[in-house]
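Here's the structure we're looking at; comments come further down.
Number of protein chains: 2
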Amino acid sequence: MNITETINTPKELWNLVRKDEYLKSTAGVAPGYLQTNLVTLPKEYAFDFLLFCQRNPKPCPVLEVLEPGKFEPEILAKGADIRTDIAFYRIYENGKLKSETKNIIDYWNDNLVSFLIGCSFTFETAMLNADISLRHIEQDTTVPMYITNIKTEPAGKFSGPTVVSMRPINKENLVRTVQVTSRFPGTHGAPIHIGDPSEIGIKNINLPDFGEKSKIKEDEIPVFWACGVTPQAVALQSKPPIMITHSPGYMFVTSTRDESIAVI
Amino acid sequence: MNITETINTPKELWNLVRKDEYLKSTAGVAPGYLQTNLVTLPKEYAFDFLLFCQRNPKPCPVLEVLEPGKFEPEILAKGADIRTDIAFYRIYENGKLKSETKNIIDYWNDNLVSFLIGCSFTFETAMLNADISLRHIEQDTTVPMYITNIKTEPAGKFSGPTVVSMRPINKENLVRTVQVTSRFPGTHGAPIHIGDPSEIGIKNINLPDFGEKSKIKEDEIPVFWACGVTPQAVALQSKPPIMITHSPGYMFVTSTRDESIAVI
Chain A
1 MNITETINTP KELWNLVRKD EYLKSTAGVA PGYLQTNLVT LPKEYAFDFL LFCQRNPKPC
61 PVLEVLEPGK FEPEILAKGA DIRTDIAFYR IYENGKLKSE TKNIIDYWND NLVSFLIGCS
121 FTFETAMLNA DISLRHIEQD TTVPMYITNI KTEPAGKFSG PTVVSMRPIN KENLVRTVQV
181 TSRFPGTHGA PIHIGDPSEI GIKNINLPDF GEKSKIKEDE IPVFWACGVT PQAVALQSKP
241 PIMITHSPGY MFVTSTRDES IAVI
Chain P
265 MNITETINTP KELWNLVRKD EYLKSTAGVA PGYLQTNLVT LPKEYAFDFL LFCQRNPKPC
325 PVLEVLEPGK FEPEILAKGA DIRTDIAFYR IYENGKLKSE TKNIIDYWND NLVSFLIGCS
385 FTFETAMLNA DISLRHIEQD TTVPMYITNI KTEPAGKFSG PTVVSMRPIN KENLVRTVQV
445 TSRFPGTHGA PIHIGDPSEI GIKNINLPDF GEKSKIKEDE IPVFWACGVT PQAVALQSKP
505 PIMITHSPGY MFVTSTRDES IAVI
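Chains as they are written, first to last, in this note's numbering: chain A, 1 to 264; chain P, 265 to 528.
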């Protein structure tokens with residue numbers, strides 16, 4: 001029995017994760033519910049980071065901000081606890097990865113502000129529902145990600161390049177791909193580039209900076225979306241004394257439906 | 265000659281306003297360009313206010329934030345100066361209106377953070393382009409606004425009721441009204457209520473809290489939009505030592521096209 005298939009509600013997942021009884025990727029878990037990235041920073045960094053996200057909504061679509069010390073996402077996930085309800089966390093100190101943990105109780109303090117940021121799983125579900133296949137899912141690999149020459153709008157301490165993810169799309173599905181992903185600006189939304197990777201500073205499409213290579217077939221075009229790795233990379237550059245994130249693939253699952261944040 | 269009709273570009277307007285040579289409402293000026301509300305607050309209030317706006321994007325759609333002391337909107341209006349390029353400003357001290365001025369040079373300091381917030385003129389233009397008439401424009405009155413029982417999501421110091429504007433819409437145009445305004449979430453977007461005013465706590469539709477009454481004809485339904493007066497009212501409740509806004513109707517005109525912020 002595949003445990004993933006049996007988890008249909010966010011509450012079931014929180015209860016398992018809280019007891020360290022679910023330690024796998026959240027891909028496909030609690031289908032139809034929003035999953036989010038987590039970025040937790042000291043409150044001294046919070047205004048600049050929120051402003052950075054406001055200025056760069058495509059890579060950094062903020063869905064909820066938890067005020068200093070708060071750990072229950074009252075808007076998106078009442079009853080959850082972001083300190084325990086993600087399977088794996090990464091702890092960074094002064095911009096360097098220090099450890100990976102199953103909860104962040106020992107690191108928690110009342111000075112920490114947490115940002116829940118939209119995740120590509122939402123628009124990928126919309127694509128799959130429209131019968132647009134996704135190579136990295138077919139291949140069972142991590143989506144390829146690239147550092148581009150597209151600059152973000154800086155804010156205070158924060159600046160840096162946009163990181164994108166790439167999905168090869170059959171030419172016939174290009175228009176539909178733009179349409180269905182445009183409905184979800186809260187989870188990166190429409191693509192930011194279609195076609196020639198070199199135009200956005202990607203030298204070799206087969207050598208992603210993060211994730212794994214996706215094979216591009218003859219009748220396919222590479223399509224690029226702004227990626228949630230951007231805010232993490234930019235935040236790390238500012239070397240905060242502490243920063244906590246989810247571990248890649250182990251997202252925070254909310255009890256809010258994907259459709260509730262669609263723009264139309 | 266009507267001077268309004270001769271002002272087609274934001275730059276022309278800035279130059280006139282800067283010299284106090286244009287002192288009228290900006291309705292209909294530089295058609296097709298985004299106009300915005302201005303809210304300027306001390307930086308101690310900036311994170312809570314930005315977070316309030318993030319949590320309440322319908323009444324408070326932030327289009328640009330100018331960091332402490334900055335007065336040129338580099339994203340929406342390069343070359344403009346928000347201290348001089350609005351015809352009339354309101355200065356509030358400790359939550360009370362202190363004066364109305366033609367520029368804010370004497371009040372300016374490096375501690376002030378400015379928020380440019382989307383304005384209903386944008387979605388009204390979209391409605392007019394779709395041949396949906398607007399009663400307050402026909403009547404040449406100010407749109408009626410009401411304090412509702414719809415609570416905003418509080419953030420830090422900031423909380424309070426949602427203020428809405430009302431436009432009577434012919435039944436035949438209801439669907440088209442929702443469609444065309446939905447394209448502009450950055451300027452209040454889709455309506456938040458259609459029909460019975462009492463359901464959102466409005467006792468007498470003929471006695472608006474701000475603006476003037478709009479006649480509702482027999483084949484028309486009152487339609488309500490979240491209104492930019494909300495963030496101003498909420499900010500004033502927190503009684504900041506200083507707060508500066510545009511005067512109602514005298515908006516900041518950007519050099520960015522309405523269409524550039526449409527979601528589809």
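Even for Gly, the Cβ is constructed at its ideal location relative to N, Cα and C. Since the structure is predicted, the reported quantities are computational estimates derived from the model, not experimental observations.
{"Item": "So which of Val517(P), Val407(P), Glu436(P) has the shortest CA-CA distance to Tyr286(P)?", "Value": "Val517(P)"}
{"Item": "Determine, using beta carbons only, whether Pro408(P) and Glu476(P) come nearer to each other than 8 Å.", "Value": "yes"}
{"Item": "Determine the chain P residues that contact Ile264(A) at a beta-carbon separation under 9 Å, and present them in chain order.", "Value": "Gln443, Ser446, Arg447, Ala454, Val527, Ile528"}
{"Item": "Can you give me the C-alpha to C-alpha distance between Phe121(A) and Ser260(A), rounded to a whole angstrom?", "Value": "15 Å"}
{"Item": "With distances taken Cα to Cα, identify the nearest neighbour of Tyr371(P) among Ile414(P), Glu357(P), Ser511(P).", "Value": "Glu357(P)"}
{"Item": "Hey, Gly156(A) and Val234(A): beta-carbon distance below 8 Å or not?", "Value": "no"}
{"Item": "List the DSSP bridge partners of Gly343(P).", "Value": "Note: Gly343(P) sits in no beta bridge, so no partner."}
{"Item": "One question on the structure: do Asn37(A) and His246(A) come within less than 8 Å of each other, judged by their Cβ atoms?", "Value": "yes"}
{"Item": "Are there three or more Cβ pairs, one per stretch, closer than 8 Å when the segment 360-374 of chain P is compared with the segment 454-469 of chain P?", "Value": "no"}
{"Item": "Apply the 10 Å Cβ neighbour rule to Pro241(A) and answer buried if 16 or more other Cβ atoms are within range, or exposed otherwise.", "Value": "exposed"}
{"Item": "From the DSSP output, read off the bridge partner residues of Leu529(P).", "Value": "Lying outside 265 to 528, the shown extent of chain P, residue 529(P) is not represented and no answer is given."}
{"Item": "Count the other C-beta atoms from every protein chain shown that fall within 10 angstroms of the C-beta of Thr426(P), then say buried if there are 16 or more, exposed otherwise.", "Value": "buried"}
{"Item": "Between Ala46(A) and chain P, is the shortest Cβ-Cβ distance under 8 Å, so that the two count as touching?", "Value": "yes"}
{"Item": "Please specify which runs of the beta strand (DSSP E), each continuous and at least 3 residues long, are wholly inside the segment 420-489 of chain P, giving them in chain order.", "Value": "425-434"}
{"Item": "Hey, does Leu174(A) have any beta-carbon neighbour from chain P nearer than 8 Å?", "Value": "no"}
{"Item": "Go through the segment 354-415 of chain P residue by residue and report every complete run of the alpha helix (DSSP H) that reaches 4 residues or more, in order.", "Value": "385-393, 399-403"}
{"Item": "Which residues of chain P have a Cβ atom closer than 7 Å to the Cβ of Leu51(A), listed in chain order?", "Value": "Leu314, Val329"}
{"Item": "Check the C-beta distance from Pro185(A) over to Val527(P) and give it rounded, since I have them as a contact under 8 Å.", "Value": "6 Å"}
{"Item": "Applying the 10 Å Cβ sphere with the 16-neighbour rule, what's the burial state of Lys239(A)?", "Value": "exposed"}
{"Item": "At a CB distance below 8 Å, what residues from the segment 276-298 of chain P approach chain A? Give them in sequence order.", "Value": "none"}
{"Item": "Do Leu277(P) and Val293(P) have their C-beta atoms closer together than 8 Å?", "Value": "yes"}
{"Item": "Note the first and the last residue of the continuous beta strand (DSSP E) segment covering Glu328(P).", "Value": "326-330"}
{"Item": "So, are the CB atoms of Phe88(A) and Met166(A) less than 8 Å apart?", "Value": "no"}
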